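J.: Quick note on my numbering: the sequence shown kicks off at 1 and runs consecutively.
Every residue gets a Cβ at the ideal spot worked out from N, C-alpha and C, and that includes glycine.
Keep in mind the model is a prediction, meaning the values are calculated, not measured.
Pasting a structure below so you can have a look.
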Amino acid sequence: MVKTLTILFVLMITSVVQAQALAIRTTETECTPNGGCRQLIGTGACAYVGDIESRSVFLTAAHNVNQAKTIHVGYNGQWWGARVVHKQYESNVDYAIIETQSIKATKCFKVAEAYPAHGVDAVAYGYSNGVYNLRSLRAKIRVTRSGRYFSKVVAKGDSGGPILVNGQVVGIISGHDYQQTIYTDGVLIRRQLIQIYGRLPQCGCEPLIVEETPETPPADTTDLTALQGELNKLRAEIDKLNKTQIPVWIVGADGKPVAKQTYPLGDPIKLRFKAVNK
(Lines of atoms letter the chains of each structure in order from A and count residues from 1; the text may use other names and numbers.)
(Lines give C-alpha, C1' and ligand atoms only; values in the text may rest on other atoms or scores of the structure.)
Protein backbone atom coordinates (compact mmCIF):
# COMPACT_ATOMS: atom_id res chain seq x y z
CA MET A 1 0.00 0.00 0.00
CA VAL A 2 2.88 2.38 0.83
CA LYS A 3 4.47 1.73 -2.56
CA THR A 4 1.17 2.35 -4.36
CA LEU A 5 0.58 5.59 -2.44
CA THR A 6 4.12 6.77 -3.19
CA ILE A 7 3.66 6.21 -6.94
CA LEU A 8 0.30 8.01 -6.81
CA PHE A 9 1.89 10.96 -5.00
CA VAL A 10 4.75 11.20 -7.53
CA LEU A 11 2.38 11.09 -10.49
CA MET A 12 0.15 13.77 -9.00
CA ILE A 13 2.99 16.14 -8.13
CA THR A 14 4.78 15.74 -11.45
CA SER A 15 1.56 16.22 -13.42
CA VAL A 16 0.93 19.58 -11.76
CA VAL A 17 4.47 20.90 -11.55
CA GLN A 18 5.45 19.77 -15.01
CA ALA A 19 2.47 21.21 -16.84
CA GLN A 20 4.96 23.35 -18.73
CA ALA A 21 8.08 21.23 -19.24
CA LEU A 22 6.76 17.77 -20.12
CA ALA A 23 8.18 14.43 -21.19
CA ILE A 24 7.55 12.93 -24.60
CA ARG A 25 7.76 9.30 -25.64
CA THR A 26 8.06 8.04 -29.21
CA THR A 27 8.16 4.70 -30.97
CA GLU A 28 9.69 3.85 -34.31
CA THR A 29 10.43 0.67 -36.22
CA GLU A 30 13.96 -0.26 -37.25
CA CYS A 31 14.40 -2.96 -39.89
CA THR A 32 17.58 -4.71 -41.05
CA PRO A 33 18.41 -5.84 -44.62
CA ASN A 34 17.78 -9.48 -43.66
CA GLY A 35 14.14 -8.71 -42.91
CA GLY A 36 14.24 -8.45 -39.13
CA CYS A 37 12.49 -5.49 -37.47
CA ARG A 38 12.34 -4.19 -33.95
CA GLN A 39 10.51 -1.40 -32.16
CA LEU A 40 12.53 1.39 -30.60
CA ILE A 41 11.25 3.61 -27.80
CA GLY A 42 12.67 7.11 -27.42
CA THR A 43 12.18 9.73 -24.73
CA GLY A 44 12.77 13.46 -24.60
CA ALA A 45 11.23 16.71 -23.44
CA CYS A 46 8.87 19.36 -24.74
CA ALA A 47 7.51 22.77 -23.71
CA TYR A 48 3.78 23.45 -23.39
CA VAL A 49 3.01 26.87 -24.90
CA GLY A 50 -0.78 26.97 -24.68
CA ASP A 51 -3.94 25.99 -26.54
CA ILE A 52 -5.47 26.74 -29.90
CA GLU A 53 -9.20 26.01 -29.72
CA SER A 54 -9.46 22.41 -28.47
CA ARG A 55 -5.82 21.52 -29.04
CA SER A 56 -2.75 21.89 -26.84
CA VAL A 57 0.47 23.01 -28.51
CA PHE A 58 4.01 21.94 -27.59
CA LEU A 59 7.54 22.65 -28.79
CA THR A 60 10.21 19.96 -28.97
CA ALA A 61 13.29 18.99 -30.98
CA ALA A 62 12.61 17.80 -34.51
CA HIS A 63 15.03 14.90 -34.12
CA ASN A 64 12.85 13.57 -31.28
CA VAL A 65 9.94 13.02 -33.67
CA ASN A 66 11.63 12.88 -37.08
CA GLN A 67 11.21 9.14 -37.64
CA ALA A 68 8.55 8.54 -35.01
CA LYS A 69 5.70 6.15 -35.70
CA THR A 70 3.84 7.25 -32.55
CA ILE A 71 4.28 10.30 -30.31
CA HIS A 72 2.89 10.78 -26.81
CA VAL A 73 3.14 13.64 -24.32
CA GLY A 74 3.07 12.77 -20.61
CA TYR A 75 0.73 14.85 -18.46
CA ASN A 76 -1.57 14.28 -15.49
CA GLY A 77 -0.53 10.66 -15.03
CA GLN A 78 -1.20 9.57 -18.62
CA TRP A 79 0.28 9.72 -22.11
CA TRP A 80 -1.56 11.87 -24.66
CA GLY A 81 -1.33 10.99 -28.35
CA ALA A 82 0.31 13.75 -30.38
CA ARG A 83 0.81 14.71 -34.02
CA VAL A 84 3.44 16.83 -35.76
CA VAL A 85 2.16 20.14 -37.12
CA HIS A 86 5.50 21.49 -38.30
CA LYS A 87 9.14 20.46 -38.08
CA GLN A 88 12.44 21.81 -39.31
CA TYR A 89 15.59 19.73 -39.04
CA GLU A 90 18.54 21.24 -40.87
CA SER A 91 21.85 22.86 -39.99
CA ASN A 92 21.46 24.54 -36.57
CA VAL A 93 17.66 24.55 -36.74
CA ASP A 94 16.09 21.59 -34.96
CA TYR A 95 12.57 22.05 -33.64
CA ALA A 96 9.05 20.75 -34.08
CA ILE A 97 5.57 21.97 -33.20
CA ILE A 98 3.27 19.19 -32.03
CA GLU A 99 -0.33 19.03 -30.84
CA THR A 100 -2.47 16.89 -28.56
CA GLN A 101 -6.10 17.24 -27.59
CA SER A 102 -6.48 19.86 -24.88
CA ILE A 103 -4.77 18.71 -21.68
CA LYS A 104 -6.62 21.34 -19.57
CA ALA A 105 -3.42 22.59 -17.96
CA THR A 106 -3.49 25.99 -16.24
CA LYS A 107 0.16 26.92 -16.74
CA CYS A 108 2.10 27.43 -19.94
CA PHE A 109 5.28 29.03 -21.20
CA LYS A 110 5.46 32.19 -23.27
CA VAL A 111 7.86 32.18 -26.20
CA ALA A 112 10.31 35.08 -26.09
CA GLU A 113 9.99 37.77 -28.76
CA ALA A 114 13.61 38.96 -28.44
CA TYR A 115 17.01 37.27 -28.44
CA PRO A 116 18.72 36.96 -25.04
CA ALA A 117 21.87 38.96 -24.37
CA HIS A 118 25.28 37.46 -23.74
CA GLY A 119 25.87 36.45 -20.13
CA VAL A 120 22.28 36.51 -18.87
CA ASP A 121 21.13 33.82 -16.46
CA ALA A 122 19.19 30.95 -18.00
CA VAL A 123 17.77 27.60 -16.97
CA ALA A 124 17.25 24.47 -19.07
CA TYR A 125 14.74 21.71 -18.34
CA GLY A 126 14.71 18.11 -19.52
CA TYR A 127 14.17 14.47 -18.62
CA SER A 128 17.63 12.93 -18.67
CA ASN A 129 16.86 11.61 -15.15
CA GLY A 130 13.76 9.73 -16.36
CA VAL A 131 10.29 10.67 -17.60
CA TYR A 132 8.95 11.21 -14.06
CA ASN A 133 11.91 13.26 -12.86
CA LEU A 134 12.17 16.78 -14.27
CA ARG A 135 15.76 18.02 -14.29
CA SER A 136 16.85 21.66 -14.18
CA LEU A 137 20.25 23.02 -15.14
CA ARG A 138 21.25 26.65 -14.53
CA ALA A 139 23.90 28.42 -16.59
CA LYS A 140 24.45 31.47 -18.82
CA ILE A 141 23.57 32.38 -22.38
CA ARG A 142 26.73 32.53 -24.48
CA VAL A 143 26.68 34.62 -27.68
CA THR A 144 29.43 34.01 -30.25
CA ARG A 145 29.92 34.70 -33.94
CA SER A 146 28.44 31.30 -34.77
CA GLY A 147 25.27 31.76 -32.70
CA ARG A 148 23.76 31.60 -29.24
CA TYR A 149 24.39 28.76 -26.81
CA PHE A 150 23.61 27.59 -23.28
CA SER A 151 26.92 27.48 -21.43
CA LYS A 152 26.49 24.05 -19.78
CA VAL A 153 26.16 20.66 -21.44
CA VAL A 154 22.83 18.83 -21.29
CA ALA A 155 22.38 15.06 -21.33
CA LYS A 156 20.46 12.48 -23.35
CA GLY A 157 16.77 12.87 -22.58
CA ASP A 158 16.94 16.67 -22.29
CA SER A 159 16.52 17.14 -26.04
CA GLY A 160 13.43 19.18 -26.87
CA GLY A 161 13.29 20.79 -23.45
CA PRO A 162 13.00 24.56 -23.06
CA ILE A 163 15.72 27.06 -22.18
CA LEU A 164 14.27 29.96 -20.21
CA VAL A 165 15.35 33.51 -19.53
CA ASN A 166 13.10 35.44 -17.15
CA GLY A 167 10.56 32.63 -17.41
CA GLN A 168 10.20 32.80 -21.22
CA VAL A 169 11.36 30.25 -23.79
CA VAL A 170 14.41 31.60 -25.62
CA GLY A 171 15.28 28.25 -27.15
CA ILE A 172 14.54 24.53 -27.58
CA ILE A 173 17.39 22.13 -26.80
CA SER A 174 18.71 20.19 -29.78
CA GLY A 175 22.01 18.79 -28.49
CA HIS A 176 25.54 19.79 -27.50
CA ASP A 177 29.09 19.99 -28.84
CA TYR A 178 30.66 18.62 -25.62
CA GLN A 179 31.37 22.18 -24.44
CA GLN A 180 27.97 23.86 -24.53
CA THR A 181 24.34 23.20 -25.40
CA ILE A 182 23.04 23.93 -28.89
CA TYR A 183 19.47 25.20 -29.15
CA THR A 184 17.03 26.58 -31.72
CA ASP A 185 16.15 30.23 -31.09
CA GLY A 186 12.70 30.92 -29.67
CA VAL A 187 12.27 34.01 -31.88
CA LEU A 188 12.35 31.81 -34.98
CA ILE A 189 9.84 29.41 -33.45
CA ARG A 190 7.58 32.26 -32.34
CA ARG A 191 7.34 33.53 -35.93
CA GLN A 192 6.44 30.04 -37.15
CA LEU A 193 3.71 29.68 -34.51
CA ILE A 194 2.10 32.95 -35.65
CA GLN A 195 2.42 31.89 -39.29
CA ILE A 196 0.66 28.57 -38.61
CA TYR A 197 -2.06 29.69 -36.20
CA GLY A 198 -2.39 33.39 -36.94
CA ARG A 199 -1.64 34.11 -33.28
CA LEU A 200 0.28 32.64 -30.38
CA PRO A 201 -1.30 29.77 -28.40
CA GLN A 202 -2.49 30.81 -24.96
CA CYS A 203 -3.48 29.10 -21.73
CA GLY A 204 -5.36 32.04 -20.30
CA CYS A 205 -2.89 32.70 -17.52
CA GLU A 206 0.47 34.17 -16.74
CA PRO A 207 3.21 31.52 -17.11
CA LEU A 208 4.71 30.04 -13.98
CA ILE A 209 8.49 30.12 -13.77
CA VAL A 210 9.45 26.57 -12.90
CA GLU A 211 11.69 26.58 -9.84
CA GLU A 212 14.95 24.71 -9.28
CA THR A 213 13.11 22.29 -7.03
CA PRO A 214 9.99 21.38 -9.04
CA GLU A 215 8.01 20.02 -6.10
CA THR A 216 7.10 23.41 -4.61
CA PRO A 217 4.09 24.65 -6.68
CA PRO A 218 0.71 23.59 -5.22
CA ALA A 219 -1.18 20.68 -6.74
CA ASP A 220 -4.78 20.72 -7.90
CA THR A 221 -7.16 21.06 -4.90
CA THR A 222 -9.29 18.06 -5.86
CA ASP A 223 -6.26 15.81 -6.25
CA LEU A 224 -4.77 17.04 -2.98
CA THR A 225 -8.01 16.31 -1.13
CA ALA A 226 -8.05 12.75 -2.44
CA LEU A 227 -4.37 12.31 -1.59
CA GLN A 228 -4.94 13.69 1.93
CA GLY A 229 -7.66 11.09 2.47
CA GLU A 230 -5.29 8.31 1.47
CA LEU A 231 -2.57 9.71 3.74
CA ASN A 232 -5.00 9.85 6.68
CA LYS A 233 -5.90 6.19 6.12
CA LEU A 234 -2.20 5.31 5.99
CA ARG A 235 -1.55 7.19 9.25
CA ALA A 236 -4.42 5.33 10.92
CA GLU A 237 -2.95 1.99 9.83
CA ILE A 238 0.49 3.01 11.11
CA ASP A 239 -0.99 4.10 14.46
CA LYS A 240 -2.77 0.76 14.76
CA LEU A 241 0.47 -1.11 14.06
CA ASN A 242 2.33 1.02 16.62
CA LYS A 243 -0.20 0.03 19.28
CA THR A 244 -0.11 -3.66 18.41
CA GLN A 245 1.18 -5.87 21.22
CA ILE A 246 2.59 -9.34 20.54
CA PRO A 247 1.75 -11.83 23.37
CA VAL A 248 4.43 -14.34 24.36
CA TRP A 249 3.51 -17.26 26.66
CA ILE A 250 5.97 -19.27 28.73
CA VAL A 251 4.87 -22.89 28.73
CA GLY A 252 5.92 -25.37 31.40
CA ALA A 253 7.12 -28.90 30.87
CA ASP A 254 3.56 -30.12 31.26
CA GLY A 255 2.42 -27.95 28.37
CA LYS A 256 0.53 -25.49 30.56
CA PRO A 257 1.17 -21.72 30.31
CA VAL A 258 2.92 -20.38 33.40
CA ALA A 259 3.62 -16.75 32.42
CA LYS A 260 2.73 -14.17 29.79
CA GLN A 261 4.63 -11.15 28.44
CA THR A 262 3.63 -8.68 25.69
CA TYR A 263 5.96 -6.82 23.32
CA PRO A 264 5.24 -3.84 20.98
CA LEU A 265 5.29 -4.80 17.30
CA GLY A 266 8.81 -4.46 15.97
CA ASP A 267 10.55 -4.74 19.36
CA PRO A 268 12.87 -7.71 19.93
CA ILE A 269 11.42 -10.54 22.02
CA LYS A 270 13.71 -11.31 24.94
CA LEU A 271 13.73 -14.81 26.41
CA ARG A 272 15.69 -15.80 29.51
CA PHE A 273 16.28 -19.42 30.39
CA LYS A 274 17.17 -20.68 33.85
CA ALA A 275 19.29 -23.76 34.22
CA VAL A 276 17.63 -26.53 36.21
CA ASN A 277 19.68 -29.16 37.99
CA LYS A 278 18.35 -32.66 37.58
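Using the Cβ count rule (16 or more neighbours within 10 Å means buried), how would you classify Gly130?
T.: So Gly130 counts as exposed.
J.: Write down every uninterrupted run of the beta strand (DSSP E) in the stretch 139-163 whose length is 3 residues or greater and which is fully enclosed by it, in chain order.
T.: You should have 147-150.
J.: What is the C-beta distance between Leu40 and Glu53, in whole angstroms, given that I count them as a contact (C-beta under 8 Å)?
T.: The Cβ separation is near 33 Å, so there is no contact.
J.: Take Val65 as the anchor and find which of Asn76, Ile103, Ile98 has the nearest alpha-carbon.
T.: Considering only alpha carbons, the answer is Ile98.
J.: What are the boundary residues of the alpha helix (DSSP H) that includes Arg38?
T.: Not the alpha helix (DSSP H): Arg38 falls in the beta strand (DSSP E), residues 37-52.
J.: What residue range does the beta strand (DSSP E) around Gly81 cover?
T.: Note, Gly81: beta strand (DSSP E), 78-81.
J.: Return the chain-ordered list of same chain residues with a C-beta closer than 6 Å to the C-beta of Gln120, the five sequence neighbours on each side being excluded.
T.: Checking the sequence shown, residue 120 turns out to be Val, not Gln. Only Ile141, Val165 meet the Cβ criterion.
J.: Count the other CB atoms within 10 Å of the CB of Pro116; is the residue buried (16 or more) or exposed (fewer)?
T.: Buried is the call here.
J.: Taking Cβ to Cβ, would you say Arg190 is nearer than 9 Å to Ala105?
T.: Their beta carbons are not under 9 Å apart, which means Arg190 does not touch Ala105 by this criterion.
J.: Let's test the definition: count the other Cβ atoms within 10 Å of the Cβ of Ala259 and tell me whether it reaches 16, buried, or not, exposed.
T.: Classification for Ala259: exposed.
J.: If Ser174 and His63 are in contact, beta carbons under 8 Å, what's the gap, nearest whole angstrom?
T.: Ser174 to His63, Cβ: 7 Å. Contact.
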